[in-house]
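**Student:**
Protein chains: 2
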Amino acid sequence: MDVTMKDVAKLAGVSLSTVSRVLNDSSLVREETAKKVEKAVEKLDYQINDSARILRTNTSNLIGVIGAGMERPFLANLLKGIEAEARERGFALIYGDSDGEFEKEQNYLNIMKQKKIDGIILITTNYYNDLLSIVKNYNIPVVFASGYISDPEISCVTVDNVAAAYDMVEFLCQAGHRDIAFIKGPDLDMLASQERLRGVKLALRLSNIKYESARIIEGDFTYESGYSAAQKILNKFPDVTAIFAFNDEMAVGAIRYLKEQGISIPEDISVVGFDGIDLGKYTSPALTTIKQSGYHLGLKSIEILNKIIKEGKIEDNKVFIPHELVVRESTNKLNELTTNQEVIINNNI
Amino acid sequence: MDVTMKDVAKLAGVSLSTVSRVLNDSSLVREETAKKVEKAVEKLDYQINDSARILRTNTSNLIGVIGAGMERPFLANLLKGIEAEARERGFALIYGDSDGEFEKEQNYLNIMKQKKIDGIILITTNYYNDLLSIVKNYNIPVVFASGYISDPEISCVTVDNVAAAYDMVEFLCQAGHRDIAFIKGPDLDMLASQERLRGVKLALRLSNIKYESARIIEGDFTYESGYSAAQKILNKFPDVTAIFAFNDEMAVGAIRYLKEQGISIPEDISVVGFDGIDLGKYTSPALTTIKQSGYHLGLKSIEILNKIIKEGKIEDNKVFIPHELVVRESTNKLNELTTNQEVIINNNI
DNA sequence: GAAATAAATGAAATGGTTTTCATTCAACTT
DNA sequence: AAGTTGAATGAAAACCATTTCATTTATTTC
Numbered sequence: 001m002d003v004t005m006k007d008v009a010k011l012a013g014v015s016l017s018t019v020s021r022v023l024n025d026s027s028l029v030r031e032e033t034a035k036k037v038e039k040a041v042e043k044l045d046y047q048i049n050d051s052a053r054i055l056r057t058n059t060s061n062l063i064g065v066i067g068a069g070m071e072r073p074f075l076a077n078l079l080k081g082i083e084a085e086a087r088e089r090g091f092a093l094i095y096g097d098s099d100g101e102f103e104k105e106q107n108y109l110n111i112m113k114q115k116k117i118d119g120i121i122l123i124t125t126n127y128y129n130d131l132l133s134i135v136k137n138y139n140i141p142v143v144f145a146s147g148y149i150s151d152p153e154i155s156c157v158t159v160d161n162v163a164a165a166y167d168m169v170e171f172l173c174q175a176g177h178r179d180i181a182f183i184k185g186p187d188l189d190m191l192a193s194q195e196r197l198r199g200v201k202l203a204l205r206l207s208n209i210k211y212e213s214a215r216i217i218e219g220d221f222t223y224e225s226g227y228s229a230a231q232k233i234l235n236k237f238p239d240v241t242a243i244f245a246f247n248d249e250m251a252v253g254a255i256r257y258l259k260e261q262g263i264s265i266p267e268d269i270s271v272v273g274f275d276g277i278d279l280g281k282y283t284s285p286a287l288t289t290i291k292q293s294g295y296h297l298g299l300k301s302i303e304i305l306n307k308i309i310k311e312g313k314i315e316d317n318k319v320f321i322p323h324e325l326v327v328r329e330s331t332n333k334l335n336e337l338t339t340n341q342e343v344i345i346n347n348n349i
Numbered sequence: 001m002d003v004t005m006k007d008v009a010k011l012a013g014v015s016l017s018t019v020s021r022v023l024n025d026s027s028l029v030r031e032e033t034a035k036k037v038e039k040a041v042e043k044l045d046y047q048i049n050d051s052a053r054i055l056r057t058n059t060s061n062l063i064g065v066i067g068a069g070m071e072r073p074f075l076a077n078l079l080k081g082i083e084a085e086a087r088e089r090g091f092a093l094i095y096g097d098s099d100g101e102f103e104k105e106q107n108y109l110n111i112m113k114q115k116k117i118d119g120i121i122l123i124t125t126n127y128y129n130d131l132l133s134i135v136k137n138y139n140i141p142v143v144f145a146s147g148y149i150s151d152p153e154i155s156c157v158t159v160d161n162v163a164a165a166y167d168m169v170e171f172l173c174q175a176g177h178r179d180i181a182f183i184k185g186p187d188l189d190m191l192a193s194q195e196r197l198r199g200v201k202l203a204l205r206l207s208n209i210k211y212e213s214a215r216i217i218e219g220d221f222t223y224e225s226g227y228s229a230a231q232k233i234l235n236k237f238p239d240v241t242a243i244f245a246f247n248d249e250m251a252v253g254a255i256r257y258l259k260e261q262g263i264s265i266p267e268d269i270s271v272v273g274f275d276g277i278d279l280g281k282y283t284s285p286a287l288t289t290i291k292q293s294g295y296h297l298g299l300k301s302i303e304i305l306n307k308i309i310k311e312g313k314i315e316d317n318k319v320f321i322p323h324e325l326v327v328r329e330s331t332n333k334l335n336e337l338t339t340n341q342e343v344i345i346n347n348n349i
């Protein structure tokens, strides 16, 4: 039914081996015969049978992506970056969202292994130790793109969550805020949230503010969870002057709740987010946040994964992407008027 | 290196064929021998070599997804729905974002064909006629999930864009608005935008309002384009009392611009969107919009595609998913106070 | 209990590549 | 002119499953 190499060989009057060599531009084919073959390929509109190739070579030009909650704006952009760079480098993508469920992650891992993926990108944060050991067992090139992995054998690319959270808290403290509450991610999130929390603690200590774990409210990175977290915060700590949500959606949700309660942002309470998704520019008030580029993170992940695939390993396997503090309208200095212009404090590494 | 069926056969003391039969639970194997085989599979942790299977059977359990701008919230949810339902039905996903570029679409189509995908879901709207003919040539089961396709051979699942847009305009007119401006999608969008426009025209006619093409401003579904479209609208039609953006992000962008100009929403101008993404509940004012579920749309697409794959074809291949008009805070009746409660007008089919 | 039928199993062909190894052929040495 | 070398090509094995067809074994029928 389909055109095979055999057909091409026959039409070109050469052997299978020669056709294969031409197609993989192995240099030991006479130019003249190569042309014959190419003409035949053209004429028959020959398309390689990928499964046969994979079966023989054990390499698929396929990269697996396992993520969790990839519909979130930041991660959707990350996926887009992965996708664009993968295409650029000749890889196709096989994609699965685990929703943070370990079982699904294992399941996907299995399927992808069966499909002989050349490498895998993990954007999952739960249970990551279990998953990690499985991936290591599988012996497939892997890049984590969701936080810092201390295991020296594992590559990761991420924003420096500790430094970024530190910057944000320092900014708030310097603006005079001392009563700050925090909305973190789910308890199961072992990476980003934990790291940001470390940055928070560090900055508070340096500003001589006592760290109270009660002021850390758990969210799940949705608008809704930001909304209800704000409610809890207001109940428990009516004297709060600033709220730091660990992503922009939760910040927007929090702002909504506060406004419903007749609270002015930033006059009464400053609210800040994390990620710097597009939305933050268009809400009112526009959101003060830490900006990082998901797209860039995606690019970088593939770049590194590609290197591991091609060169076997990599020298510098812990990569931080740049971040910057973007000050917009949702914050002000305590006892001062809010400023309306966008200030960017660059903290690239 | 890897464990193959041969190893399993040897350990179980049976032939290759028998092992294969057990694994595909063909019923003509004695229970006793099946158990032996299963035990061997277990013991060796045998994993099938997918490429070999595909090579032999020409079916891959792989579904291709080609989208454009999938980072947009509505589409990210659509992808998630596709992903969830595909997994449920035993398919893996191979995914590409064409950004609306025809060349990329062709390229992906080629790659996917080489990978012997069982079917494909298209979420692209540009140039769709060219793409359509190629897909038809390829003779692969296909479902369009981005609008209504009139070709009777092609399956599609989509919200009823005409009816939904009609509902929205009718709602605005009944609230007394007659000076309405519109922000549509890119000119290249041959599906959703065109259909919504038809709904608009229909509703305007029925309310005896003249349709002026000058009042249709082109956007590209981003916040930014909504923002600048609002600027254009305000310049050209300062007397406008309502703006209908063809998605929620553009509506939010528009609101931002209007507010910056000191215009109150909805007191001075009502603004409505389309899609009903989560965000709309948390902006201020919360957004009046047409709500459809991207996730559900995704599920449905896979459901239909699966049917085509399994049964060869399908009787009813034009499917509409439900939509509803959700009235929130960004609209009011002309010369009346705004209401604060959420009203849902159900228009399911 | 023999013959006919049905069920379970195995041998071998098949799918379409890549790659090793052997062969041919031309070119180059001496 | 014979021998050597090197480049270009071809034949065949290998990759790992599925599936047809043939064969063996078990079951039924008279």
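Quick mapping for you: the protein sequence lines, in order, are chains A and B.
So that you can map any letter, position 151 of the first sequence is 151 in UniProt numbering, and since no number is skipped, the others follow by simple counting.
So that you can map any letter, position 36 of the second sequence is 36 in UniProt numbering, and since no number is skipped, the others follow by simple counting.
Beta carbons are placed, not taken as given, at the ideal position from N, Cα and C, and that holds for glycine.
Quick caveat, the model's predicted, so the values are computed rather than measured.
(1) Which residues in chain A have a C-beta closer than 8 Å to the C-beta of B:G96? List them in chain order.
(2) Going along chain B, which residues have a C-beta under 8 Å from A:N77?
(3) Considering only C-alpha positions, which residue in the set A:I111, A:V240 and A:V252 is nearest to A:A214?
(4) List the residues of chain B whose Cβ lies closer than 8 Å to the Cβ of A:V252, in chain order.
(5) Excluding the 5 residues preceding and the 5 following A:K333 in the sequence, name in chain order all residues of the same chain whose CB lies nearer than 8 Å to its CB.
(6) Excluding five sequence neighbours on each side, which residues of the same chain lie with their C-beta closer than 6 Å to the C-beta of B:K36?
(7) Apply the 10 Å Cβ neighbour rule to A:L16 and answer buried if 16 or more other Cβ atoms are within range, or exposed otherwise.
(8) Where does A:A76 fall in DSSP's three states?
(9) Going by other Cβ atoms of all chains shown within 10 Å of its Cβ, with 16 needed for buried, is A:T59 buried or exposed?
(10) If we cut at 9 Å on Cβ distances, does A:I233 have a partner in chain B?
(11) Counting contacts by CB-CB distance shorter than 9 Å, is B:Q106 in contact with chain A?
(12) Counting only C-beta atoms, is B:K6 closer than 9 Å to chain A at any point?
(13) Report the CB separation of B:A192 from B:T125 in whole angstroms; it is logged as a contact under 8 Å.
(14) With a threshold of 8 Å, are at least 3 pairs of Cβ atoms found where one atom belongs to the stretch 155-163 of chain B and the other to the stretch 299-311 of chain B?
(15) Output the residue ranges of the alpha helix (DSSP H) runs that lie fully inside the stretch 238-282 of chain B and measure 4 residues or longer, sorted by chain position.
(16) Whose C-beta lies closer than 6 Å to the C-beta of A:D2 among residues of the same chain, with five residues either side of it excluded?
(17) Determine the extent of the alpha helix (DSSP H) in which A:T33 is found, giving its start and end residues.
(18) Just to confirm, is the Cβ distance from A:E236 to A:I216 under 9 Å?
(19) Count the CB pairs spanning the stretch 95-105 of chain B and the stretch 79-90 of chain A that are closer than 8 Å, and state whether there are at least three.
(20) Can you tell which of A:K10, A:K115, A:D278 and A:D99 has its C-alpha closest to the C-alpha of A:K43?
(21) Strictly by DSSP, which residues pair up with A:K291?
(22) Return the chain-ordered ranges of every alpha helix (DSSP H) run that is complete within the stretch 180-229 of chain B and spans a minimum of 4 residues.
(23) Determine whether the Cβ of B:T256 lies closer than 9 Å to any Cβ atom of chain A.
(24) Should A:K6 be labelled buried (16 or more other beta-carbon atoms within 10 Å of its own) or exposed?
(25) Leaving out the 5 sequence neighbours to the left and right, which residues in its chain are closer than 7 Å to B:D187 when beta-carbon positions are compared?
(26) Check whether chain B comes within 9 Å of A:N110, counting only Cβ atoms and requiring the distance to be less than that.
(27) Between which two residues does the beta strand (DSSP E) containing B:D97 stretch?
(28) In chain order, what residues of the same chain have a beta carbon less than 8 Å from the beta carbon of A:K210, not counting five sequence neighbours either side?
(29) Considering only residues of the same chain and omitting the five flanking positions on each side of B:A254, which have a CB-CB separation below 7 Å?
(30) Taking the beta carbon of B:R256 as the centre, do at least 16 other beta carbons fall within 10 Å, making it buried, or is it exposed?
(31) Counting only beta-carbon separations shorter than 9 Å, does A:A229 have a partner in chain B?
(32) In chain order, what residues of the same chain lie with their CB nearer than 8 Å to the CB of B:D248, ignoring the 5 residues before and after it?
(33) Cβ of B:L62 less than 9 Å from any chain A Cβ?
(34) Going along the chain, which residues of its own chain have a beta-carbon closer than 6 Å to the beta-carbon of B:I308, five neighbours each way excluded?
(35) Per DSSP, what kind of secondary structure is B:V51 in: helix, strand or coil?
(36) Just to confirm the assignment, what range does the alpha helix (DSSP H) spanning A:I111 have?
**Tutor:** Checking against the coordinates, here is how it stands:
(1) The residue given as residue 96 of chain B occupies position 96 in the second sequence. In chain order: E83, R87, A92 and L93.
(2) Here residue 77 of chain A refers to the residue found at position 77 when the first sequence is read from its first residue. Within 8 Å Cβ-Cβ: E71.
(3) Numbered from its first residue, the first sequence carries residue 214 of chain A at position 214. Comparing Cα-Cα distances from A:A214 to each of A:I111, A:V240 and A:V252, the minimum goes to A:V240.
(4) Within the first sequence, the letter at position 252 stands for residue 252 of chain A. Near A:V252 (Cβ distances below 8 Å), the residues of chain B are L279, Y282 and T283.
(5) On the first sequence, position 333 is the one that residue 333 of chain A refers to. Counting only Cβ-Cβ distances below 8 Å, and skipping sequence neighbours, we find A175 and G176.
(6) Start at 1 with the first residue of the second sequence, and residue 36 of chain B comes out as number 36. Within the same chain, B:K36 has close Cβ partners A12.
(7) Taking the first sequence and counting its residues from 1, the one referred to as residue 16 of chain A is at position 16. A:L16 comes out exposed.
(8) What you label residue 76 of chain A is simply residue 76 of the first sequence in a count that begins at 1. Three-state DSSP puts A:A76 in a helix.
(9) Counting from 1 along the first sequence, the entry for residue 59 of chain A is found at position 59. So A:T59 counts as exposed.
(10) For the purposes of this step, residue 233 of chain A is identified with residue 233 of the first sequence, where counting begins at 1. Not one chain B Cβ lies under 9 Å of A:I233.
(11) To locate residue 106 of chain B, count along the second sequence from 1; it is residue 106. Not one chain A Cβ lies under 9 Å of B:Q106.
(12) The residue labelled residue 6 of chain B in the question sits at position 6 within the second sequence. No, B:K6 does not count as interfacial toward chain A.
(13) Position 192 of the second sequence, counted from the start, is the residue given in the question as residue 192 of chain B. Position 125 of the second sequence, counted from the start, is the residue given in the question as residue 125 of chain B. With 8 Å as the limit, B:A192 and B:T125 qualify as a contact, their Cβ atoms being about 6 Å apart.
(14) yes
(15) 248-260
(16) Walking along the first sequence from the start, residue 2 of chain A turns up at place 2. Excluding sequence neighbours, A:D2 sits near nothing in its chain.
(17) Taking the first sequence and counting its residues from 1, the one referred to as residue 33 of chain A is at position 33. Per DSSP, A:T33 belongs to the alpha helix (DSSP H) from E31 to L44.
(18) Within the first sequence, the letter at position 236 stands for residue 236 of chain A. Within the first sequence, the letter at position 216 stands for residue 216 of chain A. According to the sequence displayed, residue 236 of chain A carries Lys and not Glu. The answer is no: Cβ separation not under 9 Å.
(19) yes
(20) On the first sequence, position 43 is the one that residue 43 of chain A refers to. Among A:K10, A:K115, A:D278 and A:D99, the Cα nearest to that of A:K43 belongs to A:K10.
(21) Along the first sequence, read from residue 1 onward, the residue named residue 291 of chain A stands at position 291. Paired residue(s): A:D275 and A:E324.
(22) 192-206
(23) Your numbering for residue 256 of chain B matches position 256 in the second sequence. The identity of residue 256 of chain B in the sequence shown is Arg, whereas the question assumes Thr. Yes, its Cβ sits closer than 9 Å to a Cβ of chain A.
(24) The count along the first sequence starts at 1 and reaches residue 6 of chain A at position 6. Counting Cβ neighbours within 10 Å, A:K6 comes out exposed, since fewer than 16 surround it.
(25) The residue given as residue 187 of chain B occupies position 187 in the second sequence. Cβ neighbours of B:D187 beyond the five flanking positions: E218.
(26) Position 110 of the first sequence, counting from 1, holds the residue named residue 110 of chain A. True, the Cβ-Cβ gap to chain B drops below 9 Å.
(27) Here residue 97 of chain B is taken as the residue at index 97 of the second sequence, counted from 1. First-last of the beta strand (DSSP E) with B:D97: A92 to D97.
(28) Against the first sequence, residue 210 of chain A aligns to sequence position 210. Only L204 meet the Cβ criterion.
(29) The residue you call residue 254 of chain B lines up with position 254 of the second sequence. If we look at B:A254 and ignore the five residues flanking it on each side, its Cβ neighbours are I183, G226, Y227, A229, A230, I243, A245 and V271.
(30) As a first step, residue 256 of chain B must be located in the second sequence, where it is residue number 256. Buried.
(31) Counting from 1 along the first sequence, the entry for residue 229 of chain A is found at position 229. No, no contact with chain B.
(32) Taking the second sequence and counting its residues from 1, one reaches residue 248 of chain B at position 248. Here the set comprises P73, F74, G273, F274, D275, G276, I277, L279, G280, L287 and T289.
(33) Stepping through the second sequence from its first residue, residue 62 of chain B is reached at position 62. At least one chain A Cβ lies under 9 Å of B:L62.
(34) In the second sequence, counting from the first residue as 1, residue 308 of chain B sits at position 308. So the list reads P141 and I314, once near-sequence residues are dropped.
(35) Here residue 51 of chain B corresponds to residue number 51 of the second sequence, with the count starting at 1. One point to set straight first is that residue 51 of chain B is Ser, not Val, in the sequence displayed. The answer is helix: DSSP assigns B:S51 an H, G or I state.
(36) Taking the first residue of the first sequence as 1, we reach residue 111 of chain A at position 111. F102 to Q114 is the span of the alpha helix (DSSP H), which, as asked, contains A:I111.
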